[in-house]
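Going by full-length UniProt numbering, the final residue of the sequence shown carries number 113, and the count climbs one at a time with no gaps. Ideal Cβ positions, reconstructed from N, Cα and C, are used throughout, including at glycine. It should be emphasised that the depicted structure is a prediction, and the values quoted were computed from it without experimental measurement. Here the structure is laid out as C-alpha coordinates; the discussion comes afterwards.
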Amino acid sequence: MNLYDDYNLDHNFVFVKLLGKNSGEPMTYSDVYVTFKEIERKNGIHITPHLFRHTHGTIYYLETKNIKMVQECLGHSQVQTTINLYVHPSYGAIRENWEKAAHAFKIGPKIDN
1 MNLYDDYNLD HNFVFVKLLG KNSGEPMTYS DVYVTFKEIE RKNGIHITPH
51 LFRHTHGTIY YLETKNIKMV QECLGHSQVQ TTINLYVHPS YGAIRENWEK
101 AAHAFKIGPK IDN
(Lines of atoms letter the chains of each structure in order from A and count residues from 1; the text may use other names and numbers.)
(Lines give C-alpha, C1' and ligand atoms only; values in the text may rest on other atoms or scores of the structure.)
Protein backbone atom coordinates (compact mmCIF):
# COMPACT_ATOMS: atom_id res chain seq x y z
CA MET A 1 0.00 0.00 0.00
CA ASN A 2 1.34 3.40 -1.00
CA LEU A 3 0.50 6.49 1.04
CA TYR A 4 0.41 8.53 -2.14
CA ASP A 5 -2.39 6.30 -3.43
CA ASP A 6 -4.49 7.14 -0.37
CA TYR A 7 -4.32 10.83 -1.26
CA ASN A 8 -4.41 10.52 -5.08
CA LEU A 9 -1.02 12.21 -5.42
CA ASP A 10 0.73 11.91 -8.76
CA HIS A 11 4.22 13.07 -7.77
CA ASN A 12 7.03 11.94 -5.50
CA PHE A 13 7.76 14.92 -3.27
CA VAL A 14 9.34 13.85 0.01
CA PHE A 15 7.17 16.06 2.22
CA VAL A 16 3.61 16.73 1.08
CA LYS A 17 0.73 18.56 2.76
CA LEU A 18 -1.91 15.93 3.49
CA LEU A 19 -4.60 18.12 5.04
CA GLY A 20 -6.29 21.41 4.28
CA LYS A 21 -6.92 23.37 1.11
CA ASN A 22 -3.33 22.84 -0.09
CA SER A 23 -3.47 19.06 0.28
CA GLY A 24 -1.13 17.36 -2.17
CA GLU A 25 1.18 20.33 -2.57
CA PRO A 26 4.82 20.12 -1.49
CA MET A 27 5.56 21.40 1.99
CA THR A 28 7.68 24.54 2.22
CA TYR A 29 10.96 24.56 4.12
CA SER A 30 9.16 26.39 6.91
CA ASP A 31 6.37 23.78 7.02
CA VAL A 32 8.91 20.97 7.33
CA TYR A 33 10.95 22.83 9.96
CA VAL A 34 7.90 23.52 12.12
CA THR A 35 6.70 19.91 11.78
CA PHE A 36 10.04 18.50 12.89
CA LYS A 37 10.31 20.94 15.79
CA GLU A 38 6.87 19.76 16.94
CA ILE A 39 8.01 16.12 16.71
CA GLU A 40 11.07 17.01 18.80
CA ARG A 41 8.95 18.79 21.40
CA LYS A 42 6.40 15.98 21.72
CA ASN A 43 8.90 13.11 21.76
CA GLY A 44 12.00 14.62 23.31
CA ILE A 45 14.25 13.46 20.48
CA HIS A 46 16.32 15.47 18.03
CA ILE A 47 15.31 14.66 14.48
CA THR A 48 15.88 16.49 11.21
CA PRO A 49 14.70 15.95 7.63
CA HIS A 50 18.32 15.31 6.64
CA LEU A 51 18.37 12.34 9.01
CA PHE A 52 15.93 10.65 6.63
CA ARG A 53 18.44 11.08 3.81
CA HIS A 54 21.12 9.31 5.85
CA THR A 55 18.67 6.59 6.89
CA HIS A 56 17.58 6.08 3.29
CA GLY A 57 21.18 5.82 2.08
CA THR A 58 22.07 3.36 4.82
CA ILE A 59 19.04 1.10 4.33
CA TYR A 60 19.39 1.21 0.53
CA TYR A 61 23.01 0.09 0.83
CA LEU A 62 22.34 -2.59 3.46
CA GLU A 63 19.60 -4.10 1.29
CA THR A 64 21.37 -3.90 -2.09
CA LYS A 65 25.11 -3.73 -1.30
CA ASN A 66 25.31 -1.54 -4.42
CA ILE A 67 27.19 1.62 -3.46
CA LYS A 68 27.04 3.01 -7.02
CA MET A 69 23.23 2.90 -7.00
CA VAL A 70 23.14 4.62 -3.61
CA GLN A 71 25.55 7.26 -4.92
CA GLU A 72 23.30 7.85 -7.93
CA CYS A 73 20.14 7.98 -5.81
CA LEU A 74 21.66 10.53 -3.44
CA GLY A 75 23.11 12.56 -6.31
CA HIS A 76 26.74 12.51 -5.19
CA SER A 77 29.42 13.20 -7.79
CA GLN A 78 32.02 11.30 -5.75
CA VAL A 79 31.37 7.81 -4.39
CA GLN A 80 33.61 8.61 -1.39
CA THR A 81 31.01 11.14 -0.21
CA THR A 82 28.41 8.39 -0.16
CA ILE A 83 30.71 5.93 1.58
CA ASN A 84 32.09 8.32 4.19
CA LEU A 85 28.98 10.28 5.09
CA TYR A 86 25.88 8.29 4.24
CA VAL A 87 26.51 4.57 4.61
CA HIS A 88 26.50 3.39 8.20
CA PRO A 89 26.72 -0.23 9.36
CA SER A 90 23.69 -1.65 11.11
CA TYR A 91 23.89 -2.89 14.69
CA GLY A 92 23.27 -6.39 13.37
CA ALA A 93 26.17 -6.16 10.91
CA ILE A 94 28.51 -4.87 13.62
CA ARG A 95 27.44 -7.67 15.96
CA GLU A 96 27.78 -10.35 13.27
CA ASN A 97 31.26 -9.22 12.28
CA TRP A 98 32.35 -8.88 15.89
CA GLU A 99 31.28 -12.45 16.55
CA LYS A 100 33.38 -13.58 13.58
CA ALA A 101 36.44 -11.74 14.90
CA ALA A 102 36.04 -12.18 18.68
CA HIS A 103 38.10 -15.36 18.77
CA ALA A 104 41.16 -13.40 17.61
CA PHE A 105 40.94 -11.29 20.75
CA LYS A 106 40.39 -14.35 22.96
CA ILE A 107 37.31 -12.82 24.55
CA GLY A 108 33.67 -13.70 24.53
CA PRO A 109 32.08 -17.12 24.92
CA LYS A 110 34.25 -20.13 24.17
CA ILE A 111 33.16 -21.96 21.05
CA ASP A 112 33.83 -25.71 21.04
CA ASN A 113 34.73 -27.23 17.68
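Range covered by the alpha helix (DSSP H) that runs through residue i
{"i": "residue 54", "result": "49 to 64"}
{"i": "residue 94", "result": "91 to 105"}
{"i": "residue 70", "result": "67 to 74"}
Own chain partners of residue i with C-beta closer than 8 angstroms, once the 5 adjacent residues on each side are dropped
{"i": "residue 52", "result": "14"}
{"i": "residue 79", "result": "67, 68 and 71"}
{"i": "residue 93", "result": "62"}
{"i": "residue 58", "result": "86, 87, 88 and 90"}
Contacting residues, own chain, Cβ-Cβ under 7 angstroms from residue i (five flanking each side not counted)
{"i": "residue 76", "result": "82"}
{"i": "residue 116", "result": "Because residue 116 is not part of the residues shown, which for the chain are 1 to 113, the question remains open."}
{"i": "residue 104", "result": "none"}
Sequence-distant residues of its chain with Cβ nearer than 6 angstroms to residue i (five each side left out)
{"i": "residue 99", "result": "none"}
{"i": "residue 43", "result": "none"}
Straight-line gap, residue i to residue j (C-alpha atoms, nearest Å)
{"i": "residue 49", "j": "residue 32", "result": "8 angstroms"}
{"i": "residue 115", "j": "residue 54", "result": "One cannot answer for residue 115 here, as it falls past the ends of the chain, which runs 1 to 113."}
{"i": "residue 26", "j": "residue 91", "result": "34 angstroms"}
{"i": "residue 116", "j": "residue 61", "result": "Because residue 116 is not part of the residues shown, which for the chain are 1 to 113, the question remains open."}
{"i": "residue 20", "j": "residue 28", "result": "14 angstroms"}
{"i": "residue 96", "j": "residue 89", "result": "11 angstroms"}
{"i": "residue 22", "j": "residue 35", "result": "16 angstroms"}
{"i": "residue 24", "j": "residue 65", "result": "34 angstroms"}
{"i": "residue 38", "j": "residue 18", "result": "17 angstroms"}
{"i": "residue 84", "j": "residue 16", "result": "30 angstroms"}
{"i": "residue 73", "j": "residue 106", "result": "42 angstroms"}
Residue i (DSSP reduced to helix, strand or coil)
{"i": "residue 34", "result": "helix"}
{"i": "residue 87", "result": "coil"}
{"i": "residue 79", "result": "helix"}
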